[in-house]
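See structure below.
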Amino acid sequence: MKVLMVCLGNICRSPLAEGVLRHLAQEKGLNWTIDSAGTGNWHVGDPPDHRSIKVAKRHGIDISGLRGRQFGTADFDNFDRIFVMDLDNYRNVLRKARTDADQQKVQLLLDGQREVPDPWYDDALFEPVYNMIHEACERVIRKELAH
685 MKVLMVCLGN
695 ICRSPLAEGV
705 LRHLAQEKGL
715 NWTIDSAGTG
725 NWHVGDPPDH
735 RSIKVAKRHG
745 IDISGLRGRQ
755 FGTADFDNFD
765 RIFVMDLDNY
775 RNVLRKARTD
785 ADQQKVQLLL
795 DGQREVPDPW
805 YDDALFEPVY
815 NMIHEACERV
825 IRKELAH
């Protein structure tokens, strides 16, 4: 299984989701490829936001070595599932889809039309965002293992 997590800048939510899913997959002995990207290019090459690094570390996950990159059309070829954090990024990723098969790979990380809020402007959101992402990643693994 190859999974890509996508948010806007690839420094807060998506690297956190990458780290959480990788950690959970390793605990289950799953040999998954997990990456993250942003729809914007402002933080290409940058490490995750220090607050994302801190909340991940509090939960035993090290994301400090990750670096931001921008989502591109080749990601449709390289990943089986593309999880986005909010509706804006969902629309931005779908705009790059070339085929129905590309579109079918894209979904919101949270069930329904719920979004993972961007914690960039509110330090108090990092822990709740971590919890949302952790629960969603557990669900992703359960769904895949059920198939």
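So for the sequence shown, this note's numbering puts the first residue at 685; every next one is plus one.
No residue lacks a Cβ here, since even glycine has one placed at the ideal position from N, Cα and C.
Just the C-alpha distance for E836 and Q787, rounded to the nearest angstrom, thanks.
-> Lying before the first or after the last residue shown, residue 836 is absent from the chain, which here runs from 685 to 831.
- request: Indicate the three-state DSSP secondary structure (helix, strand or coil) for Q710 in the structure shown.
  value: helix
Q. Based on Cα-Cα distance, which residue from R823, L705, Y814, H818 lies nearest to R735?
A. Y814
What number of angstroms, rounded off, separates the C-alpha of L692 from the C-alpha of D733?
-> Roughly 13 Å separates the two Cα atoms.
Between V768 and R742, what straight-line distance do the alpha-carbon atoms span, to the nearest angstrom?
So the two alpha carbons sit approximately 24 Å from each other.
*Going by alpha carbons, who is nearest to G724 out of R775, T783, V824?*
In this structure, R775 is the residue among R775, T783, V824 with its C-alpha nearest to the C-alpha of G724.
How is S824 classed by DSSP in three states: helix, strand or coil?
Going by the sequence as given, residue 824 is Val instead of Ser. Helix, per DSSP.
**Request:** Tell me whether K789 is buried or exposed, calling it buried when 16 or more other Cβ atoms sit within 10 Å of its Cβ.
**Result:** buried
query = Quick one: is H727 buried, meaning 16 or more other Cβ sit within 10 Å of its Cβ, or exposed?
reply = With 16 or more Cβ atoms within 10 Å of its Cβ, H727 is classed as buried.
inquiry  = So, for Q797: in the same chain, excluding its five sequence neighbours on each side, which residues have a beta-carbon less than 8 Å away from its beta-carbon?
reply    = L771
Which of helix, strand or coil DSSP assigns to R742:
helix
Would you check if there are 3 or more beta carbon pairs closer than 8 Å linking the stretch 799-812 to the stretch 696-704? yes
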